[in-house]
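> Reminder that position 135 of the sequence shown reads as 135 in the UniProt record's numbering, one-by-one numbering, no gaps.
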Amino acid sequence: GKHGKKKKQDEIAEEEKTLSENHMKEGREQIFIGPTLQNLTLTIPKGYLIGVCGNIGSGKSSLISAILGRMDISSGTIAVSSRVAYVPQQAWVTNDTLRDNIVFGHGYEADRYKQVVEACALKEDFSTFPAGDSTEVGERGANLSGGQKQRISLA
Numbered sequence: 001g002k003h004g005k006k007k008k009q010d011e012i013a014e015e016e017k018t019l020s021e022n023h024m025k026e027g028r029e030q031i032f033i034g035p036t037l038q039n040l041t042l043t044i045p046k047g048y049l050i051g052v053c054g055n056i057g058s059g060k061s062s063l064i065s066a067i068l069g070r071m072d073i074s075s076g077t078i079a080v081s082s083r084v085a086y087v088p089q090q091a092w093v094t095n096d097t098l099r100d101n102i103v104f105g106h107g108y109e110a111d112r113y114k115q116v117v118e119a120c121a122l123k124e125d126f127s128t129f130p131a132g133d134s135t136e137v138g139e140r141g142a143n144l145s146g147g148q149k150q151r152i153s154l155a
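Right under this line is the structure:
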């Protein structure tokens with residue numbers, strides 16, 4: 001194909017959409033909010049790492065919510081043709097072991113697990129805990145530093 005043209009299955013394509021969070025509650029009143037994003041076309045090639053930034057109220061969270069399928073779409077379509085990984089700014093961990101937070105319900109595969117631990121620089125962290133990756137993280141990651149929470153969340 002031509003330069004810059006990718007197969008549809010290798011892209012996240014969004015074409016001419018109007019996205020809206022429809023309503024917001026303020027006390028007992030419900031306020032209609034107009035479309036957050038309009039006439040948007042976005043293509044992200046498979047394998048790309050992107051960050052979303054912008055002014056307050058510019059639609060960053062709406063865009064991410066739409067891509068993740070967590071937003072009502074008033075018109076248009078969203079096509080996500082491959083898996084999407086989302087890492088929020090606020091690290092999130094479950095009250096479980098380090099390993100279970102990383103595997104997160106998927107079957108444990110030793111080689112894949114080792115790759116992820118190395119890619120996220122967790123090997124040294126594990127060595128600081130007496131139980132290694134079997135260490136319980138505690139409620140909301142109470143037993144972890146901020147950086148450790150970020151690395152576990154990323155993994």
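A virtual CB, placed ideally from N, CA and C, is assigned to each residue, including glycine.
With 16 as the cutoff for other CB atoms within 10 Å, does A131 come out buried or exposed?
Reading the sequence shown from its first residue, position 131 is the one you call residue 131. Exposed.
> Less than 9 Å separating the beta-carbons of R151 and C120?
Position 151 of the sequence shown, counted from the start, is the residue given in the question as residue 151. Position 120 of the sequence shown, counted from the start, is the residue given in the question as residue 120. Against a cut-off of 9 Å, the Cβ pair of C120 and R151 comes out as a contact.
> Below 8 Å CB to CB, which residues in the same chain sit around V93 once its five sequence neighbours on both sides are set aside?
One-based indexing of the sequence shown puts residue 93 at position 93. Correct list, in chain order: N101, V137, R140, G141, L144, K149, I152, S153.
> So, A91 versus G146, is the Cβ gap smaller than 9 Å?
Walking along the sequence shown from the start, residue 91 turns up at place 91. Walking along the sequence shown from the start, residue 146 turns up at place 146. Yes, they are a contact pair.
> Take the Cβ of T77 as the centre, count every other Cβ of all protein chains shown within 10 Å, and call the residue buried at 16 or more, exposed below.
Locating residue 77 in the sequence shown gives position 77, counting from the first residue. Classification of T77: exposed, given that the 10 Å Cβ count is below 16.
> To the nearest angstrom, how far is it from the Cα of K123 to the Cα of V116?
Counting from 1 along the sequence shown, the entry for residue 123 is found at position 123. Counting from 1 along the sequence shown, the entry for residue 116 is found at position 116. Near 10 Å, if we compare the C-alpha coordinates of V116 and K123.
> Taking the straight line between their C-alpha atoms, what separation do you get for T135 and T41?
As a first step, residue 135 must be located in the sequence shown, where it is residue number 135. As a first step, residue 41 must be located in the sequence shown, where it is residue number 41. If you take the alpha carbons of T135 and T41, they lie about 45 Å apart.
> Report the start-end ranges of each alpha helix (DSSP H) in the UniProt domain "ABC transporter" (37-155) that is 4 residues or longer and not cut off at the edges.
If we require 4 residues or more, the alpha helix (DSSP H) runs fully inside the UniProt domain "ABC transporter" (37-155) come out as 60-67, 98-103, 110-119, 123-127, 146-154.
> Assuming A66 contacts I73 (C-beta within less than 8 Å), just tell me the rounded distance between them.
Here residue 66 refers to the residue found at position 66 when the sequence shown is read from its first residue. Here residue 73 refers to the residue found at position 73 when the sequence shown is read from its first residue. Yes, they are in contact, since the Cβ atoms of A66 and I73 sit about 7 Å apart, within 8 Å.
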